[in-house]
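Trainee:
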Amino acid sequence: MLKDVFIKQPIMRRVVYSLIPIYLFSLYMYGWRLIALSAVVFPLGILTEYLMEKSRGKKVSEAVLVTCTLFVLIVPPAIPLWIAAIGIVFGVFFGKEVYGGFGRNIFNPAISGRIFVWISFPSLFAYGFMVPGGFGTAGEAGVDALSAASPLAMLANGSRPELLDTLLGFTGGSMGETSAVLIILAGIYLVATKTAQWRLIVSTLLGAGALMSAFYYSGLTPNYPPEYGMLSGSILFVSVFMSTDPVSAPNNPRAQWVYGLLIGTISVTIRNLGQFPEGTSFGILMGNVFASLLDEIIPKPAKKKRSKQNVPTGTQTGAKGGTA
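Counting along the sequence shown from 1, when you hit position 272 you're at 259 in the numbering used here, and nothing is skipped either side.
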């Protein structure tokens, strides 16, 4: 029955597989809140795409499962469920379906939904954090990021979290963005399986890390050491899962370097100098805006010509064998 509804997309399945350890860790940290958010986000996200694709005579893409999983993991754990519902419907509809569905959207749907509810309901979004741990029983919900002791909030307040806690993820923050170790392992898996383009990950981290270092060592942001800044907030998560979106990112290898650097620098600039505590959502959307332009204006690497003596037998002109 499912094969009659969904298009098979092995690449998207691998992204979902890479998110499972992070999802399970979030279950330990926030318990029933993760389950409640998932129970709202997944049905509404899938239904929104189903209705739009059915009107076109097409099936639902498995990419919507990635969108729903990512959306659950990038919002505060105690965000009101009705806001989460609005966010996922907006993200799938306006971030993807209005452009024609999978493969035609220029914006990342999960980020589109997140930034919409963030701007539309800033106070409710800001007070959607909770103290993590014990399957959601460690502390009260509905507190702000500072009360939930997220690393970024602690740094802004002049204190520093334990570096090991930020590595392992035993800190406050969005649902699935806290465990640097699990995110890094997911990134290694995605690159090893050729699911994600390593240039996009590395360039985003380079852009963010370089600007964080420049701000810190120039004295502009003395409370934000780069090693803490890279492990705090959503820089790592966005670098691995958002900047590598194959639909909204450039295809040109050289453009991918510029694209990642753009996302990293915009994210850090807004985080440290803007009015918002985190800038990665804006960084991704700005990168999405320029992706097609970067593909056009940046010259592609010249293809290496292979001499006939180096061409394997059966692949010369006129031969039937070989692969394209």
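The C-beta atom is built at its ideal place from N, Cα and C for all residues, glycine as well.
Can you give the beta carbon distance from Lys287 to Asn239, rounded, assuming they're within the 8 Å contact cut?
Mentor: The Cβ separation is near 5 Å, so the contact holds.
Trainee: Just tell me which of Leu187, Ile75, Tyr246 and Gly120 has its CA closest to the CA of Ser25.
Mentor: For Ser25, the nearest C-alpha among the options comes from Ile75.
Trainee: Using CA coordinates, which residue listed in Leu21, Ile(-6), Ala179 and Gly145 is at the minimum distance from Gly88?
Mentor: It is Ile(-6).
Trainee: Rank Asn259, Gly270, Leu207 and Pro63 by C-alpha distance to the C-alpha of Ala236 and give the top, closest one.
Mentor: Here the closest residue by C-alpha is Gly270.
Trainee: Run through the region 134 to 165 for me and flag every whole alpha helix (DSSP H) of 4 or more residues, listed as ranges in chain order.
Mentor: Whole alpha helix (DSSP H) segments, 4+ residues: 138 to 143 and 150 to 155.
Trainee: Between the C-alpha atoms of Pro138 and Met117, what's the straight-line distance to the nearest angstrom?
Mentor: When rounded, the distance between both Cα atoms is 13 Å.
Trainee: Need the endpoints of the alpha helix (DSSP H) that Lys41 sits in, please.
Mentor: Segment Trp19 to Ser42, the alpha helix (DSSP H) holding Lys41.
Trainee: Specify the secondary structure class of Val227 as computed by DSSP and reduced to three states.
Mentor: Val227: helix per DSSP, three-state reduction.
Trainee: Spatial neighbours of Pro64 within its chain, please: C-beta separation below 6 Å, excluding the five flanking residues on both sides.
Mentor: Excluding residues within five positions, the ones whose Cβ falls inside 6 Å are Tyr17, Arg20, Met117 and Met162.
Trainee: Just curious, the alpha helix (DSSP H) that Gly121 is in, first and last residue?
Mentor: Looking at the DSSP string, Gly121 is not in any alpha helix (DSSP H), and its letter there is neither H nor E.
Trainee: Which runs of the alpha helix (DSSP H) spanning at least 4 residues fall entirely within the region 225 to 270, listed in chain order?
Mentor: Listed in chain order, they are 240 to 260.
Trainee: Near Gln184, what residues of its chain come up, given a Cβ to Cβ distance below 7 Å and the 5 sequence neighbours on each side ignored?
Mentor: Excluding positions up to five away in sequence, the list reads Thr231 and Gln243.
Trainee: Tyr204: buried (16+ other C-beta within 10 angstroms of its C-beta) or exposed?
Mentor: Tyr204 comes out exposed.
Trainee: Are three or more beta carbon pairs between the region 104 to 123 and the region 47 to 55 nearer than 8 Å?
Mentor: The answer is no - the region 47 to 55 does not touch the region 104 to 123, with fewer than three Cβ pairs under 8 Å.
Trainee: Do the region 29 to 39 and the region 213 to 225 meet, that is, are 3 or more Cβ pairs less than 8 Å apart?
Mentor: With a cut-off of 8 Å, the region 213 to 225 and the region 29 to 39 do not count as touching, because too few Cβ pairs lie within range.
Trainee: Using CA coordinates, which residue listed in Leu68, Met39, Ser226 and Val168 is at the minimum distance from Phe12?
Mentor: Per the Cα distances, Val168.
Trainee: Can you list, in chain order, the residues of its chain with a C-beta nearer than 7 Å to that of Val28? Leave out the 5 residues immediately preceding and following it.
Mentor: Excluding sequence neighbours, Val28 sits near Cys55, Phe58, Val59, Ala71 and Ile75.
Trainee: Roughly how many angstroms lie between the CA atoms of Leu155 and Ile171, to the nearest whole one?
Mentor: Going from the Cα of Leu155 to the Cα of Ile171 covers about 11 Å.
Trainee: Where do the ends of the alpha helix (DSSP H) carrying Glu214 lie?
Mentor: Looking at the DSSP string, the run of the alpha helix (DSSP H) that includes Glu214 is Pro213 to Leu218.
Trainee: Suppose you measure from the CA of Pro(-3) to the CA of Gly145; what does that come to, to the nearest Å?
Mentor: Whole-angstrom Cα-Cα distance: 45 Å.
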